[in-house]
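The structure appears below as structure tokens.
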Amino acid sequence: MSAATALKQEPYVTAGAEPLVRFSGVRKSYDGTSLVVKDLNLEIARGEFLTLLGPSGSGKTTTLMMLAGFEPPTSGRITLGGRDITALPPHKRGIGMVFQNYALFPHMTVAENVAYPLTVRGVPAPEKTRRVETALDMVKLGGFGARRPAQLSGGQQQRVALARALVFEPELILLDEPLGALDKQLRERMQYELISLHERLGVTMVYVTHDQSEALTMSDRIAVFNDGRIQQLAGPTDLYERPANAFVASFIGENNRLSGEVTERHNGRVVVRLADGKDIAAVAAAALHEGDRALISIRPERLLLGDAAADNIVPCTVERLVYLGDAARLIVRFGAEELVLKVDSRARADGMTRGASVTVGWGAADCLAFPADAS
Numbered sequence: 074m075s076a077a078t079a080l081k082q083e084p085y086v087t088a089g090a091e092p093l094v095r096f097s098g099v100r101k102s103y104d105g106t107s108l109v110v111k112d113l114n115l116e117i118a119r120g121e122f123l124t125l126l127g128p129s130g131s132g133k134t135t136t137l138m139m140l141a142g143f144e145p146p147t148s149g150r151i152t153l154g155g156r157d158i159t160a161l162p163p164h165k166r167g168i169g170m171v172f173q174n175y176a177l178f179p180h181m182t183v184a185e186n187v188a189y190p191l192t193v194r195g196v197p198a199p200e201k202t203r204r205v206e207t208a209l210d211m212v213k214l215g216g217f218g219a220r221r222p223a224q225l226s227g228g229q230q231q232r233v234a235l236a237r238a239l240v241f242e243p244e245l246i247l248l249d250e251p252l253g254a255l256d257k258q259l260r261e262r263m264q265y266e267l268i269s270l271h272e273r274l275g276v277t278m279v280y281v282t283h284d285q286s287e288a289l290t291m292s293d294r295i296a297v298f299n300d301g302r303i304q305q306l307a308g309p310t311d312l313y314e315r316p317a318n319a320f321v322a323s324f325i326g327e328n329n330r331l332s333g334e335v336t337e338r339h340n341g342r343v344v345v346r347l348a349d350g351k352d353i354a355a356v357a358a359a360a361l362h363e364g365d366r367a368l369i370s371i372r373p374e375r376l377l378l379g380d381a382a383a384d385n386i387v388p389c390t391v392e393r394l395v396y397l398g399d400a401a402r403l404i405v406r407f408g409a410e411e412l413v414l415k416v417d418s419r420a421r422a423d424g425m426t427r428g429a430s431v432t433v434g435w436g437a438a439d440c441l442a443f444p445a446d447a448s
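First residue of the sequence shown? That's 74 in my numbering, and the numbers climb one at a time after it.
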């Protein structure tokens with residue numbers, strides 16, 4: 074599949090159904106010259122958990138801010154439930170928002186913070202109390218209403234921010250790196266709590282992160298941004314197993330990269346000759362022809378030690394073994410190339426010392442070849 078084909082994004086909606094959100098030809102420039110978002114066409118289905126993923130400066134956060142109404146698009150159109158919201162101010166869009174820094178009012182109690190969106194909407198006191206209690210129960214903070222934000226942990230404050238976004242029952246919630254300030258264990262626990270909450274409520278969520286493992290864990294679909302464009306829009310499995318181009322392959326998950334020249338092409342596969350003359354068989358993930366420069370992508374878990382039946386076999390020398398507890402990373406070298414293998418952590422006891430000779434093999438179907446200039 075070529076990169077051009079992959080960028081023709083299929084809408085994640087039932088045939089005939091109107092998407093909840095639609096970006097049509099949206100562009101954004103801050104200086105009137107360079108575009109930080111380029112010709113964005115994106116549909117978001119009702120009830121979907123969509124993650125906008127990419128490195129800093131890729132356009133993902135700007136896209137979220139345009140949807141929230143905090144940034145106006147330079148051109149193009151944004152609709153919500155079929156209604157044009159391109160020029161609508163944020164407070165009239167009815168969208169819930171959760172920020173990385175929580176944005177809680179320190180002088181208010183938890184209940185008052187959660188009630189704030191209802192207060193500004195003039196909701197009567199009895200109804201406001203009921204909704205606040207329901208929202209706090211949703212995020213497992215029932216009974217915390219009288220506390221101040223300073224009396225809560227970071228994870229609890231983030232739950233309060235989420236309850237405040239849920240309390241007025243919006244059809245869309247935007248989350249801007251909401252777990253970025255949390256430690257690793259709490260961050261992982263909050264990921265699963267967000268997944269569970271999304272499944273229970275069925276509310277549409279659009280989530281921004283630069284953390285690819287977080288995106289793979291939580292999302293129905295992921296839009297991978299780079300240089301102001303969506304490079305690929307797909308589910309986590311498709312992104313990991315069938316990246317559209319070399320950028321996506323390198324950005325999503327761990328990745329070994331080898332470069333060389335295409336010497337053969339047949340039935341969707343190519344042979345790529347490395348600088349040392351070694352031939353590597355791979356699947357052509359884009360249009361490649363004999364003589365083209367190619368970049369090969371191989372996941373560490375697809376590399377096997379001593380696999381004599383593999384399509385590609387290379388003699389290697391062990392550089393080092395990195396112990397990670399439940400697994401280990403074995404770094405080996407052949408010629409000028411370096412490879413990283415994911416191995417059982419018990420390999421520490423199997424003579425994997427620096428300088429040891431090993432054989433590494435992998436199948437042609439387990440590595441993808443992309444045009445080298447598309448990385």
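Built from N, CA and C at the ideal position, the CB exists for glycine as well.
**Request:** May I have a chain-ordered list of the alpha helix (DSSP H) segments no shorter than 4 residues that lie completely inside the region 155-242?
**Result:** 183-193, 198-211 and 227-239
**Message:** Using CA atoms only, rank isn't needed, just tell me which of Tyr103, Asn318 and Tyr313 is closest to Glu73.
**Reply:** One cannot answer for residue 73 here, as it falls past the ends of the chain, which runs 74 to 448.
**Message:** Tell me which residues share the same chain as Ala223 and place their Cβ nearer than 7 Å to its Cβ, disregarding the 5 neighbours each side in the sequence.
**Reply:** Pro179
**Request:** Would you identify the three-state DSSP class for Thr147, choosing helix, strand or coil?
**Result:** coil
**Prompt:** Alpha carbon to alpha carbon, how far is Thr152 from Gly228?
**Reply:** Using only the alpha carbons, I get a separation of about 33 Å.
**Request:** Kindly indicate which three-state DSSP category Tyr280 falls into: helix, strand or coil?
**Result:** strand
**Request:** For my contact list, Ser132 and Asp112 are in at a C-beta cut-off of 8 Å; report their separation, rounded to the angstrom.
**Result:** It is Gly, not Ser, that sits at residue 132 in the sequence shown. Rounded to whole angstroms, the Cβ separation of Gly132 and Asp112 is 11 Å, and the two are not in contact under 8 Å.
**Prompt:** At a Cβ threshold of 7 Å, is Asp284 touching chain D?
**Reply:** Annotation note: the requested chain D is absent from the structure, which comprises a single protein chain.
**Asked** Counting along the chain, where does the alpha helix (DSSP H) carrying Val321 start and finish?
**Response** For Val321, the enclosing alpha helix (DSSP H) starts and ends at Ala319 to Phe324.
**Asked** Ordered along the chain, which non-local residues of its own chain (more than five positions away) have a Cβ less than 8 Å from that of Asp365?
**Response** Closer than 8 Å at the Cβ level, and outside the excluded window around Asp365, lie Glu334, Val335, Pro444 and Ala445.
**Asked** Under a three-way DSSP split, which group does Thr152 fall into?
**Response** Thr152 carries a strand assignment under DSSP once its states are collapsed to helix, strand and coil.
**Request:** Starting from Ala296, trace the beta strand (DSSP E) both ways and give me its first and last residue.
**Result:** Arg294 to Asn299
**Item:** Inter-residue spacing [alpha-carbon to alpha-carbon] between Pro316 and Val279
**Value:** 22 Å
**Item:** Residues near Met263 in its chain [Cβ-Cβ closer than 7 Å; skip 5 each side]
**Value:** Gly228, Gln231, Leu252 and Leu255
**Prompt:** Can you tell me whether Tyr175 is buried or exposed, with buried defined as 16 or more other CB within 10 angstroms of its CB?
**Reply:** Burial call: buried.
**Prompt:** Is the beta carbon of Ala429 sitting closer than 7 Å to the one on Val391?
**Reply:** It is a contact, given that the beta carbons lie within the stated cut-off.
**Request:** Note down, in chain order, each residue of its chain lying with its Cβ closer than 8 Å to the Cβ of Ala381, except the 5 sequence neighbours on either side.
**Result:** Thr432 and Gly434
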